[in-house]
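The numbering of the sequence shown is UniProt numbering, which starts it at 1 and goes up by one.
In what follows, a structure is listed as structure tokens, so that the remarks can point back to it.
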Amino acid sequence: MAQTSSHVQLDESVEYWLFPNISEGEDELEKLEAFRTRCFTFIHDQSRNYIWHEDSINLNIIPNRTAAGDSPPHLYGKTRFGCNVEDEWFIVHLLRSFSVTENDVVIRIVDSDGEFLLVEAADSLPRWANPETCINRVFIHGGQVHIISIADRPSSITPLPSGQPSLMDAVHIVRSMPHLTIAPAPIQEPIHQRIDKCVSQIDSSLHRCNVFVPAGVAALLQSYPALVAPAIHAFCQRDASQLQVIRAMRFFPPETRVWTSVTFTKCLYAMLVHRNYQPDHRTGWSLPPIGDSKRTGSDLGMKLAIGFELLANEESLHQKDDDYSLDMDSRWNRFLNTLKEKGFFQDFLDGSKPHNELMEKAREFYINSVGVEGPAKKPVILRLMQSVCADVEKFKKVESHLPADDDDSWLSVDPATLDQILGDKFGLLGVDDDEAKADILPKLETFLNRTSDYEGLTPANGRKKSRKLSHLAPPSRKTSTLSNASDASQLSTNIGFDPDSFASAMQGILDFALPEDNWDLESNSSCLSSYSEEEEGDELVDKEMNKYMQTMDQELLTTDVHRTSVDNPTRKESVMSEGCESFSDVENFQPVKIDSAALESLLASYTMQRGGPGPASILLNQLNLSRSQVSASKKPTD
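What follows is the structure, encoded as structure tokens:
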């Protein structure tokens, strides 16, 4: 099993590992079973009315140290959240809260982006942190984020590993030395703020709408609101082979339709609204004309009914498994006893309708969470139908008292609203033209004057630390950290590099200025004398370079590159002539002031991108410049 590996997920899902504190000699399986029961009870209590987009939390017992890595006994789960990333952060909230009640548990959680918790605190991360070096180093313990730092240098005497630690070692370090691994406040705060934001927006992320559905669907959604998610997914993922099932509508005929209020998540509502479907009128579906006030509710109700019909039909194909029983499952019995001790059934009598509904919810949660495979894993629509009352007359009596639909204007976002959203997220503030230019030009000049290596520019707040030390990257499995550092150091001594000459050459190219040396090398024997002391090979190289520079100057002087409407709008074109005239033209050559020319070119490139990604927007982002600052500086010149 590959639960402990660092593989990249291809689907939108989140994986999590829960490591309880199990001492040597204790029964691993028994301890893990009891631990999972406590975890189930806590999560069920905290997420009782939550509508999951695809999957809920599920936990599987991994009792031994697997072959995929050296890891202690743990619980493992994987949840698909699809396009609703809030499910992912709600899981983080649940696991963080559980780590407070179980203060000895260590939790790791990753998604397809890796250690996504650190994305929220990207501006405050240590310099060594990157997707490769952070593997098996980020955990949740005691309600806090813990990061196992990398040793400052390979020779440091420290309990913190310099290479990629095993899960066994990492969990031990976090549990035994939390004072060394707890992340500082600048990292903790943005992560906790993102978690708290998710929790605070649970209610605002819901959308309530009145729909026209068969009575059976209305009864199911009234008792089990979370069934709206699998029904919508079943409708959206239908294929041509299911057309016959949709035409028949055996389980939820349209003749029994009633109006009822349904709660969606905004993500599910948007999926259903934007999925076009033309019903077959022979099946009894009739929709009001476009523009009618009941058109949306009727259309959504038809789609929901089709989704439930597809789920019920799939279940009917496994009639022999419909009576799947948990009575012989010892884990289910322990889970049920824990719920009773916590007062989940609220003293309702066994067999009463409220008790049966709570029992079905507990059963559904257990089946989805434990990882029961086969037909029992799927929503048991037909069996749930036996526990609800699909009374058409009862629903018709309350139709006139249904609440009004929620406003769905949030489906459409205009440019002004988008700017406001971006401003709230990134703190974009408007500035005037002069202030924008005054802010852009110094940052652009600083950017051009910086040096960089293969990993990017050196940050403005200091020099980039040496990348030659091997502890900044995962070491090879076949070599030690010290040997890697030695090899890197030896390699660096064999490379000759003059940073001053390189910087001077690059500055000359960027400024379109003449080189400091050798600008007057021999171009024509009748005008300039050659350097007779140069060796024959050097003379040939210099002549070739001089010829190349002359050709480049001729091409540049016939273009608009050397002009700037800001600094010299009346300048005339000049074309270099051959022979002796080249010297006088070079003397009259006026270097372009890079500030205004670069700024105009940058703004022109940004405008052509029309707000999309591109080199100009990436450069401005590296300079920490906002869209409003750039927009304010795009002032037309006369």
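All C-beta atoms, glycine included, are put in the ideal place defined by N, C-alpha and C.
Bear in mind that the values here come from a model prediction, so they are computed numbers and not experimental data.
query, result
"Cβ contact (3+ pairs, closer than 8 Å) linking the stretch 310–319 and the stretch 233–249", "yes"
"Cβ pair count under 8 Å reaching 3, the stretch 181–196 against the stretch 136–149", "yes"
"Helix, strand or coil at residue 655 [DSSP, three-state]", "The question about residue 655 has no answer, for the chain in this structure spans 1 to 638."
"Rounded distance between the beta-carbons of ILE148 and LEU167, thought under 8 Å", "Actually they are not in contact, since the Cβ atoms of LEU167 and ILE148 sit about 11 Å apart, beyond 8 Å."
"Closest by C-alpha distance to ASP55, when choosing among ALA229, ALA270 and CYS209", "ALA229"
"When PRO131, ILE150 and ILE91 are compared against VAL199, the one with the closest alpha-carbon", "ILE91"
"Expected contact under 8 Å - CB spacing of LYS303 and LEU272 to nearest Å", "6 Å"
"Assigned exposure category for ILE43 - 16 Cβ within 10 Å defines buried", "buried"
"Validate contact between the stretch 208–219 and the stretch 390–398 using beta carbons, cut 8 Å, 3 pairs", "yes"
"N-terminal and C-terminal residue of the beta strand (DSSP E) that ALA146 is part of", "According to the sequence as given, residue 146 is His; it is not Ala. Here the beta strand (DSSP E) through HIS146 covers 144–147."
"Burial state of ILE107 (16 or more Cβ within 10 Å)", "buried"
"Touch test, the stretch 276–290 against the stretch 187–194, Cβ-Cβ under 8 Å, three pairs minimum", "no"
"Secondary structure of TRP17, DSSP reduced to three states", "strand"
"TRP410, buried or exposed, once every other Cβ within 10 Å from all chains shown has been counted against 16", "exposed"
"Limits of the beta strand (DSSP E) - the one that SER176 falls within", "No beta strand (DSSP E) contains SER176, which is instead part of the alpha helix (DSSP H) from 167–176."
"Selected residue, minimal CA-CA separation from ILE381, among LEU336, SER316, ASP414 and SER261", "SER316"
"GLY430 - DSSP class collapsed to helix/strand/coil", "For GLY430, the pLDDT reaches just 49, beneath the cut-off of 50, and the residue's location in the model is therefore unreliable, although a value from the coordinates is still provided. Correct three-state label for GLY430: coil."
"Alpha-carbon to alpha-carbon, THR41 and ASP405", "34 Å"
"Reduced DSSP secondary structure (H/G/I, E/B, other) of GLY45", "Checking the displayed sequence, the identity of residue 45 turns out to be Asp instead of Gly. Residue state, collapsed to three classes: helix."
"Nearest-angstrom Cβ-Cβ length linking VAL110 and GLU15, presumed shorter than 8 Å", "6 Å"
"Rounded straight-line distance, which links the Cα of THR607 to that of SER51", "Note that residue 51 is Ile in the sequence shown here, rather than Ser. Distance between the alpha carbons of ILE51 and THR607: 42 Å."
"Of the listed residues PHE116, PRO72 and PHE35, nearest to SER13 (C-alpha basis)", "PHE116"
"Residue burial classification, GLY163 (beta-carbon count within 10 angstroms, cutoff 16)", "buried"
"Which of helix, strand or coil DSSP assigns to SER23", "coil"
"Range covered by the alpha helix (DSSP H) that runs through ILE62", "Taken as a continuous stretch (DSSP letters only), ILE62 belongs to no alpha helix (DSSP H), being part of the beta strand (DSSP E) at 60–62."
"Distance between beta carbons of ARG194 and TRP259, contact taken as under 8 Å", "Actually they do not touch by this definition, with Cβ atoms about 39 Å apart."
"First through last residue of the alpha helix (DSSP H) which encompasses GLY301", "295–316"
"Complete alpha helix (DSSP H) runs within the stretch 69–123 (minimum length 4 residues, chain order)", "85–101"
"Three-way DSSP call (helix, strand, coil) for TRP259 in this model", "strand"
"Reduced DSSP category for THR265 - H, G, I as helix; E, B as strand; rest coil", "strand"
"Buried/exposed call for ILE421, threshold 16 Cβ in 10 Å", "exposed"
"Other residues of its chain near CYS209: CB distance less than 8 Å, five sequence neighbours each side excluded", "SER261, VAL262, PHE264, TYR269, THR296, GLY297, LEU300, ASP405, ASP406 and ASP408"
"Rounded separation between ILE62 and GLN46 - CA only", "24 Å"
"Best match in ARG48, PRO73, MET359 and LEU339 for proximity to ASP27 [C-alpha to C-alpha]", "PRO73"
"For GLY142 and VAL100, believed in contact at Cβ under 8 Å, the rounded distance", "7 Å"
"Residues sharing a beta bridge with HIS207, DSSP", "PHE264"
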